[in-house]
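Below: the structure, in structure tokens.
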Amino acid sequence: MAHARLTSPRLEAELYALTHRGNPGDAALYARICSGADRVLELGSGYGRLIAKLAQPGRLVTGLEVDAALLALARRELGHLPLAARRGVRLIQGDMRHFALSQRVSHVLLPYNGLYCLLSKRDALACLRAVRAALAVGGLFAFDVWNAEGFQPQRVAQSSLVEADPIVTLDHAGRTWDVFERSRIGRAAQRLDVTYRYVPTTGPALELTIRQRYYRASELGELLERAGFVVDKRYGHFSGSRFTSRSPHLIVIARAG
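Heads up: the sequence shown begins at 158 in this note's numbering, then just goes up one per residue.
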């Protein structure tokens with residue numbers, strides 16, 4: 158997660174977790190993809206939302222996350238799991254562009270637009286090659302991003318979109334927070350940076366910015382091929398419907414070639 162630092166890293170992580178709850182159906186789809194898997198790696202595992210759904214007795218699940226405050230939240234989240242499931246979970250701090258595991262895994266997951274947090278093709282390719290090296294022969298790599306195929310609403314190089322009304326209202330840390338969203342679009346660089354402004358009932362407002370570099374489906378296909386993957390399936394929705402240019406999401410399941 159790339160962002161501007163708030164006053165408190167812990168509060169930043171907690172507000173991020175409350176605002177970003179995943180996409181409807183994504184956890185169920187990833188659980189089906191990992192059915193029967195004994196070793197699973199999730200990149201950008203955040204506050205443990207998906208890890209908690211994947212953990213089960215007899216399975217080793219590794220979560221890799223660069224943000225220490227989010228990792229602390231994940232450890233707290235996983236503390237609620239039964240011991241038999243929890244003992245197979247390992248959380249490590251690291252960069253998804255450059256990592257290595259002591260043992261290869263059968264499945265690697267990169268959910269919830271995590272690939273878009275890599276702000277250059279060089280970084281994306283480095284990540285995909287690290288994934289390929291972490292996978293056993295024939296292993297699966299699954300990820301999802303929002304579909305950027307039709308993302309050209311205006312023929313201008315730069316623009317901004319501002320939500321006048323709160324996108325959500327949260328109760329946290331003894332205060333009520335109205336959450337506003339502001340997006341800055343740079344089409345030449347394929348950038349979409351989203352800033353969330355948290356305005357509490359009392360005290361100063363806080364801001365968090367998530368910086369993204371979006372990729373078209375054809376670009377992702379080329380990067381996967383260069384990294385040594387063969388695409389098995391592409392979905393446009395977590396229900397499993399086929400991908401089209403108008404789909405809200407792009408979900409890719411690729412096999413290590």
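C-beta atoms are modelled at their ideal positions from N, C-alpha and C, and glycine is treated no differently.
Predicted model only: the values in this text are computed from it and were never measured.
Does the structure place the stretch 284 to 291 close enough to the stretch 225 to 244 that three or more beta carbon pairs sit under 8 Å? no
Can you tell me whether DSSP reads TYR273 as helix, strand or coil? To locate residue 273, count along the sequence shown from 1; it is residue 116. Correct three-state label for TYR273: helix.
Segment limits, beta strand (DSSP E) that includes TYR353: In the sequence shown, the residue the question calls residue 353 occupies position 196. Segment 348 to 357, the beta strand (DSSP E) holding TYR353.
Kindly confirm or deny that the stretch 352 to 362 and the stretch 375 to 394 touch, where touching means at least three C-beta pairs closer than 8 Å. no
If I measure Cβ to Cβ from LEU276 and keep anything under 6 Å in the same chain, skipping five residues before and after, which residues do I get? The sequence position of residue 276 within the sequence shown is 119, counting from 1. Excluding positions up to five away in sequence, the list reads ARG370.
Inter-residue spacing [alpha-carbon to alpha-carbon] between LEU168 and SER202: Working through the sequence shown from its first residue, we reach residue 168 at position 11. Working through the sequence shown from its first residue, we reach residue 202 at position 45. Distance between the alpha carbons of LEU168 and SER202: 18 Å.
Rounded distance between the beta-carbons of LEU235 and ALA209, thought under 8 Å: As a working mapping, residue 209 is identified with position 52 in the sequence shown. As a working mapping, residue 235 is identified with position 78 in the sequence shown. About 6 Å; that satisfies the 8 Å criterion.
SER165 - DSSP class collapsed to helix/strand/coil: In the sequence shown, the residue the question calls residue 165 occupies position 8. SER165 falls in the coil class under three-state DSSP.
Short of 7 Å in beta carbon distance, which residues of its chain neighbour ALA159, apart from the five on each side in sequence? Order them along the chain. As a position in the sequence shown, residue 159 is number 2, starting the count at 1. Only weak support exists for where ALA159 lies, its pLDDT of 40 falling under 50; the coordinates are left without a value.
Helix, strand or coil at TYR204 according to DSSP, with G and I counted as helix: Here residue 204 refers to the residue found at position 47 when the sequence shown is read from its first residue. Reduced to three states, the DSSP call for TYR204 is coil.
To the nearest angstrom, how far is it from the Cα of ARG261 to the Cα of GLU306? As a position in the sequence shown, residue 261 is number 104, starting the count at 1. As a position in the sequence shown, residue 306 is number 149, starting the count at 1. The straight-line gap from Cα to Cα measures roughly 33 Å.
Please classify GLU320 as buried or exposed, where buried requires at least 16 other C-beta atoms within 10 Å of its C-beta. Taking the sequence shown and counting its residues from 1, one reaches residue 320 at position 163. Exposed, by the Cβ-count rule.
So for ARG279, helix, strand or coil by DSSP? Counting from one through the sequence shown, the residue named residue 279 turns up at place 122. Reduced to three states, the DSSP call for ARG279 is helix.
Just verifying my parser: in three-state terms, what is the DSSP assignment at VAL223? If you number the sequence shown from 1, residue 223 lands on position 66. Residue state, collapsed to three classes: coil.
I'd like to know whether the C-beta atoms of PHE291 and ILE410 end up nearer to each other than 8 Å. Position 134 of the sequence shown, counted from the start, is the residue given in the question as residue 291. Position 253 of the sequence shown, counted from the start, is the residue given in the question as residue 410. One detail in the question is off: residue 291 reads as Ala in this sequence, not Phe. In this structure, ILE410 does not lie closer than 8 Å to ALA291 by Cβ.
So, using beta-carbon positions, are VAL223 and GLY251 closer together than 8 Å? Position 66 of the sequence shown, counted from the start, is the residue given in the question as residue 223. Position 94 of the sequence shown, counted from the start, is the residue given in the question as residue 251. Yes. Within cutoff.
Coil, strand or helix - ILE249 by DSSP: Within the sequence shown, the letter at position 92 stands for residue 249. In the structure shown, ILE249 sits in a strand (DSSP, three-state: E or B).
From TYR392 to PHE256, what does the alpha carbon distance come to, in whole angstroms? One-based indexing of the sequence shown puts residue 392 at position 235. One-based indexing of the sequence shown puts residue 256 at position 99. Rounded to whole angstroms, TYR392 to PHE256 spans 28 Å at the Cα level.
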